[in-house]
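One structure is given here, and the rest of the page talks about it.
There are 2 protein chains.
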Amino acid sequence: MNNEQNKIPQATAKRLPLYYRFINNLHHQGKLRVSSKELSEAVKVDSATIRRDFSYFGALGKKGYGYNVEYLLSFFRKTLDQDEVTKVALIGVGNLGTAFLHYNFMKNNNTKIEMAFDADPNKLGSDIGGVPVYHVDDLEDHLKNTAVAILTVPSTEAQGITERLVDAGVSGILNFTPARISVPDHIRVHHIDLSVELQSLVYFLKHYPLEEEAGD
Amino acid sequence: MNNEQNKIPQATAKRLPLYYRFINNLHHQGKLRVSSKELSEAVKVDSATIRRDFSYFGALGKKGYGYNVEYLLSFFRKTLDQDEVTKVALIGVGNLGTAFLHYNFMKNNNTKIEMAFDADPNKLGSDIGGVPVYHVDDLEDHLKNTAVAILTVPSTEAQGITERLVDAGVSGILNFTPARISVPDHIRVHHIDLSVELQSLVYFLKHYPLEEEAGD
DNA sequence: AATAAGTCGTGATTTTATTCACATTCTTTT
DNA sequence: AAAAGAATGTGAATAAAATCACGACTTATT
Ligand SMILES: NC(=O)c1ccc[n+]([C@@H]2O[C@H](COP(=O)([O-])OP(=O)(O)OC[C@H]3O[C@@H](n4cnc5c(N)ncnc54)[C@H](O)[C@@H]3O)[C@@H](O)[C@H]2O)c1
Ligand SMILES: NC(=O)c1ccc[n+]([C@@H]2O[C@H](COP(=O)([O-])OP(=O)(O)OC[C@H]3O[C@@H](n4cnc5c(N)ncnc54)[C@H](O)[C@@H]3O)[C@@H](O)[C@H]2O)c1
Chain Y
-5 MNNEQNKIPQ ATAKRLPLYY RFINNLHHQG KLRVSSKELS EAVKVDSATI
45 RRDFSYFGAL GKKGYGYNVE YLLSFFRKTL DQDEVTKVAL IGVGNLGTAF
95 LHYNFMKNNN TKIEMAFDAD PNKLGSDIGG VPVYHVDDLE DHLKNTAVAI
145 LTVPSTEAQG ITERLVDAGV SGILNFTPAR ISVPDHIRVH HIDLSVELQS
195 LVYFLKHYPL EEEAGD
Chain C
-5 MNNEQNKIPQ ATAKRLPLYY RFINNLHHQG KLRVSSKELS EAVKVDSATI
45 RRDFSYFGAL GKKGYGYNVE YLLSFFRKTL DQDEVTKVAL IGVGNLGTAF
95 LHYNFMKNNN TKIEMAFDAD PNKLGSDIGG VPVYHVDDLE DHLKNTAVAI
145 LTVPSTEAQG ITERLVDAGV SGILNFTPAR ISVPDHIRVH HIDLSVELQS
195 LVYFLKHYPL EEEAGD
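These protein sequence lines are chains Y and C, in that order.
At position 112 of the first sequence (counting the first as 1) the number is 106 in our numbering, and the numbers step up by one without a gap.
At position 168 of the second sequence (counting the first as 1) the number is 162 in our numbering, and the numbers step up by one without a gap.
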C-alpha cells in the first residue's frame, strides 16, 4: 500500500488533508479549474510548494491551464481513502473529550468516533453526540478493528491507558495530554499539546516581532 | 528584546515550552541533575537535538556532569517569561471554547484567558471557569492590552472576527477553525486544525507502516 | 594519583523542506 | 495562424533541521 508512492515527504503528507478540504470547497462553489497561485492564497502555502507537493503524485495539472477541480478532488479522495471510514475510539469524556464527541468529524472526513470510554460511572450509558460511552474497564471488549484512538484523559492516566490500547490493537494515537507517552516502534503517536502551542505563540510574539506594516 | 538571541531556530523555539514543563516535573520530583539522554527519553526528542537546542543559549550544562535542574529551571523561566502573564481572549464559547475555559492553562503557564466573547445571548453573563463572557458586539470595549486571542467560532465567522481582533490590537491568534485566515504581515497566526491532524494520522498509518516489532 | 566512565558543546555531515527560475506547453486573443 | 499570456513541472539552489561523532572536561573509582 505504501511502496508504490513511498517517497512522499512527511511535510507534504501533512498538507494533503488541507488541500483536500479546500479543493472540496472550490468544488462546492462550482469552480471548474484552479491554479497553484489561487490555491496558495486560500491555504496560505507557497504556490511552488503546492506544485511540488502535487508533483509527487505525477502530473495532475496542465501547463498553461492549472488543475481541473473535479479531477483533483477525485484524485485526493482516492489518495486519502475518503471512501473508507476509519474507526476511532475516544478515551476520557471530560471537557475536551466531550467537545470532540459533539463535533462531527465526519463532515469532511474519513474518520468517525465510534465509541468513547471513561472511568467515571456518571458519564456512562448516555450517547454523547450519538457516540456510546462505555466504562474504561471494558475497553478491550469493545475495541475491535479500531485503528485509532484519541486520548483525552488526565495526563497521569495516559501511559497506562496507552499500553492497554496498544495491546488491544490500536496502531495510531492522537494524544492531547501533556504526557509524552512511550509506545513500541510500530505504533504512531501524534501529540497535540495545546499549552505548548499557546506558550510558543507567546514566545514567538515576544522574541520574533514581525515586520511592522508601512501603513496601507 | 529579540536581537540579543536572534538566531534561535523556530523548531527549537517550539520545543522550549516542552522542555520547561519536563524540567519543572524533574524539579518537583526532587531531581538535582539531568543529562540530555535522560531528558531525551522523557520528552522523546533526540539527545543531540536537545544539546543543540540548549547550546543556542550558551553553555547551560557541564561536561561530564549534565545539567543542574534548578539552574535550567530558572533559566527557562526567565527565557519563557514565566513571571509575566500574557492576557488572552477567547472568541466563541461553544464546545471547544467552553472546554478551554474550564481548563486551567495557568497551571504551568504564563498565559491566562481573561475574557471570552460569544454572539449567543444565552452564553453571556455567566463566568465559565472564572472567566467572564461578554457579547461579541462589545469586543473592542473590553480588549485592552490583550495580545493573544484564541479563535473557536464557526469557520464562517473566522475572517470577520479576525479583522476586528487585529484592529483592536491583538497580535497573535491561535486559530482552531478550519478557515485559513488572512492577516497583515505583522500578525502571527498559529493554526491548530484538529480534523487535519486526525486525517493525517490516518494517512500516515495507511501509507507509512512502521517497522513491525520482532517481538519481546 | 592515575584510570575509567560519563556527558557536554560543537564542527561536520546528512537529511528534509522550501523556494527560485525557466523551458515547456496549453489557452486566449487578435 | 501567429503572438501573447498563463501556469505547470522540475532541476538547481538555498534554507532549515536533525544527527553523527569526537575532543574536552567532570566526576567517580581504584
Ligand atoms: N481542556 C483543555 O482545554 C485542555 C487543554 C490542554 C490540555 N488538556 C489535556 O487534555 C486532557 C483532558 O483534559 P480535560 O480538560 O478534558 O480533563 P477532564 O478532567 O475534564 O477530563 C478527563 C476525563 O477522563 C476521565 N478519566 C480519568 N481517568 C480515566 C481513566 N483511567 N480511563 C478513562 N477515563 C478516565 C475522567 O473521568 C474525565 O471525564 C488532560 O490531560 C489535559 O491536560 C486539556
Ligand atoms: N469541537 C471540536 O471538536 C472541533 C474540532 C475541530 C475543529 N473545530 C472548530 O472549532 C470551531 C468551534 O467549534 P465548536 O465545536 O466549539 O463549535 P460551536 O458551534 O459549539 O461553538 C461556536 C461558538 O461560537 C459562537 N459564535 C458564533 N458566531 C459568533 C461570532 N460572530 N462571534 C462570537 N461568537 C460566535 C456560537 O454562539 C458558539 O457558541 C469551529 O470552527 C470548528 O470547526 C471544532
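C-beta atoms are modelled at their ideal positions from N, C-alpha and C, and glycine is treated no differently.
Item                                                                                                                                                                                       : Value
Could you check the C-alpha separation between Y:R174 and C:V37 for me, to the nearest Å?                                                                                                  : 6 Å
Leaving out the 5 sequence neighbours to the left and right, which residues in its chain are closer than 6 Å to Y:P126 when beta-carbon positions are compared?                            : M109
Under 8 Å, CB to CB, which of the residues in the segment 104 to 129 of chain C have a partner in chain Y?                                                                                 : N104, T105
Identify, in the order they occur along the chain, each residue of the same chain with its Cβ nearer than 8 Å to the Cβ of C:K31, setting aside the five sequence neighbours on each side. : S41
Between Y:A141, Y:N139, Y:R158, which lies nearest to Y:V130 when the distance is taken from Cα to Cα?                                                                                     : Y:R158
Quick one: is Y:N18 near chain C, going by C-beta distance under 8 Å?                                                                                                                      : no
Which bits of chain C does Y:K138 rub up against, with CB to CB less than 8 Å?                                                                                                             : Here the premise fails: no neighbours, minimum Cβ distance about 17 Å.
Does the beta-carbon of C:D114, which I'm using as the reference point, lie nearer than 7 Å to any heavy atom of ligand 2?                                                                 : yes
Can you give the Cα-Cα distance for Y:A83 and Y:G58, rounded to whole angstroms?                                                                                                           : 46 Å
Distance cutoff 8 Å, beta carbons only. Does C:P148 sit that close to anything in chain Y?                                                                                                 : no
Does the contact criterion of 3 or more C-beta pairs under 8 Å hold for the segment 56 to 71 of chain Y versus the segment 154 to 168 of chain C?                                          : no
Return the bridge partner residues of Y:A141 from the DSSP annotation.                                                                                                                     : Beta-bridge pairing links Y:A141 to no other residue.
Taking just the CA atoms, how far does C:E151 sit from Y:I44?                                                                                                                              : 26 Å
Compile a chain-ordered list of the residues in the segment 174 to 194 of chain C whose CB is closer than 9 Å to at least one CB of chain Y.                                               : R174, I175, S176, P178, D179, H180, I181, R182, V183, H184, H185, I186, D187, L188, S189, V190, E191, L192, Q193, S194
Starting from C:G60, follow its DSSP beta bridges and name the residues at the other end.                                                                                                  : C:K56
Mind checking whether Y:D75 and C:K200 have CB atoms under 8 Å apart?                                                                                                                      : yes
Could you give the DSSP three-state label for C:N220: helix, strand or coil?                                                                                                               : With chain C covering -5 to 210 only, the question about residue 220 of chain C has no answer from this structure.
Please classify Y:K117: is it buried, with 16 or more other beta-carbons within 10 angstroms of its beta-carbon, or exposed?                                                               : buried
Rounded to the nearest angstrom, what separates Y:E207 and C:S176 at their Cα positions?                                                                                                   : Model confidence at Y:E207 stands at a pLDDT of 42, short of 50, so the residue's coordinates are unreliable; what they give is reported in the following sentence. Distance between the alpha carbons of Y:E207 and C:S176: 15 Å.
Just how far apart, CA to CA, sit Y:A143 and Y:I2?                                                                                                                                         : 25 Å
Which of the three DSSP states is assigned to Y:E157 in this structure?                                                                                                                    : helix
Is C:L133 buried or exposed, if buried means 16 or more other CB atoms sit within 10 Å of its CB?                                                                                          : buried
Between C:I17 and Y:N169, what straight-line distance do the alpha-carbon atoms span, to the nearest angstrom?                                                                             : 20 Å
Using a C-beta to C-beta distance shorter than 7 Å, which residues of chain C count as neighbours of Y:R15?                                                                                : P172
Got a sec: does ligand 1 put a non-hydrogen atom nearer than 7 Å to the Cβ of Y:F94?                                                                                                       : no
Kindly indicate if chain Y contains any beta-carbon less than 8 Å away from that of C:G166.                                                                                                : yes
Is it true that the CB of C:R182 sits closer than 8 Å to the CB of Y:F94?                                                                                                                  : no
For Y:D29 and C:Y13, what's the separation of their Cα atoms in angstroms?                                                                                                                 : Note that residue 29 of chain Y is Ser in the sequence shown, not Asp. So the alpha carbons of these two residues sit roughly 42 Å apart.
Give a yes or no on whether the minimum CB-CB distance between C:V196 and chain Y is below 8 Å.                                                                                            : yes
Take C:Y50 and list the residues in its own chain whose beta-carbon comes closer than 8 Å to its own, dropping the five residues that flank it on each side.                               : Q(-1), K1, I2, P3, T6
Within 8 Å (strictly less), CB to CB, does C:F99 reach chain Y?                                                                                                                            : yes
Could you check the C-alpha separation between Y:E191 and Y:A53 for me, to the nearest Å?                                                                                                  : 36 Å
Given a threshold of 16 other Cβ atoms within 10 Å of its Cβ, counted over all protein chains shown, does Y:N98 qualify as buried or as exposed?                                           : exposed
Please tell me whether Y:V63 has its Cβ less than 8 Å away from any Cβ of chain C.                                                                                                         : no
Can you give me the C-alpha to C-alpha distance between Y:L195 and Y:L188, rounded to a whole angstrom?                                                                                    : 11 Å
To which residues of the same chain is C:R9 closer than 7 Å at the C-beta, ignoring the five residues directly before and after it?                                                        : V39, D47
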